[in-house]
Each structure stands twice: as C-alpha cells, then as structure tokens.
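K.L.:
Positions 1 to 94 (UniProt numbering) are the ones given, in order, by the sequence shown.
Beta carbons are placed, not taken as given, at the ideal position from N, Cα and C, and that holds for glycine.
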Amino acid sequence: MVKRSLPRRAFAPRSPGDLMLGYCIKFTRPGGKLSRGTVRYIGHLPTRDEIFVGVELDGYDGKHSGTFQGTKYFTCSPNKGIFTPFSKVIMAWE
Numbered sequence: 001m002v003k004r005s006l007p008r009r010a011f012a013p014r015s016p017g018d019l020m021l022g023y024c025i026k027f028t029r030p031g032g033k034l035s036r037g038t039v040r041y042i043g044h045l046p047t048r049d050e051i052f053v054g055v056e057l058d059g060y061d062g063k064h065s066g067t068f069q070g071t072k073y074f075t076c077s078p079n080k081g082i083f084t085p086f087s088k089v090i091m092a093w094e
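#1: Less than 8 Å separating the beta-carbons of Leu21 and Arg40?
#2: Looking only at C-alpha atoms, which of Phe11, Leu19, Tyr60, Gly59 sits nearest to Phe52?
#3: Roughly how many angstroms separate the alpha carbons of Lys33 and Tyr73, rounded to a whole number?
#4: What whole-angstrom Cβ distance do Ser65 and Gly43 have, given they're in contact under 8 Å?
#5: What does Arg36 pair with, by DSSP beta-bridge criteria?
#6: Using a Cβ-Cβ cutoff of less than 8 Å, which residues in the same chain neighbour Ser87 once the five nearest sequence positions on both sides are dropped?
#7: Can you say whether Ala92 is buried or exposed, counting buried as having 16 or more other CB atoms within 10 angstroms of its CB?
#8: Return the first residue and the last residue of the beta strand (DSSP E) that Met19 is part of.
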C-alpha cells in the first residue's frame, strides 16, 4: 500500500454536505475494519435509501472500479472502488 500524507484539516463530517470530491476519508467496514480512500462520488444509489459515498481506496481491497448495478458512478483501478453508506464515515480531511 502506498503511504501518502493527509491533507491538513481533519474533521468528523456530520452530513454528506460536509464532504467534497477529492477529500480523504476513513470509514468502517463489516467486521470493524477501517479503510481509507478518496471521495469520488456522493449521492443516492438505486434501491438504496441512504446516501452513499463512492471511494477510491488506497489499497486494492475494494469490490469494483466505480460501478454499481451496471452503472458507472466514478472511475478508478479495478478492485480499488467501494461504496459505503455515509453513516460509516468517521473522519475526513480537506
């Protein structure tokens, strides 16, 4: 995994409106695992009520390359993309 320096200001986002494309985030995954990546999409997904964040992960432990149910929402390398509910985002950096 490539290490990178985090942008300057860290904060705990309270709503999806606190995030912007390009921000770095940390979020929880099933089993309590923490992951980090860059925000590439913020919005609704078909058949989902909650707002989701599309993330390009720092590592290759994702599920796709920015596609959900056949629709491309963002572009990244294979297995670096994941969608996470906004409620799972715990920290962000501008």
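P.N.:
For this structure:
#1: As a working note, residue 21 is residue 21 in the sequence shown. As a working note, residue 40 is residue 40 in the sequence shown. Closer than 8 Å, so yes.
#2: Locating residue 52 in the sequence shown gives position 52, counting from the first residue. Here the closest residue by C-alpha is Leu19.
#3: Within the sequence shown, the letter at position 33 stands for residue 33. Within the sequence shown, the letter at position 73 stands for residue 73. The alpha-carbon atoms of Lys33 and Tyr73 are separated by roughly 24 Å.
#4: Position 65 of the sequence shown holds residue 65. Position 43 of the sequence shown holds residue 43. Not quite, the Cβ-Cβ distance comes to about 18 Å (not below 8 Å), so this is no contact.
#5: The count along the sequence shown starts at 1 and reaches residue 36 at position 36. In the DSSP output, where bridge partners are listed per residue, Arg36 has Lys26.
#6: The residue labelled residue 87 in the question sits at position 87 within the sequence shown. Taken in chain order, the residues that qualify are Glu50.
#7: Working through the sequence shown from its first residue, we reach residue 92 at position 92. With 16 or more Cβ atoms within 10 Å of its Cβ, Ala92 is classed as buried.
#8: Taking the sequence shown and counting its residues from 1, one reaches residue 19 at position 19. Per the sequence shown, residue 19 should be read as Leu rather than Met. No beta strand (DSSP E) contains Leu19, which DSSP labels as neither H nor E.
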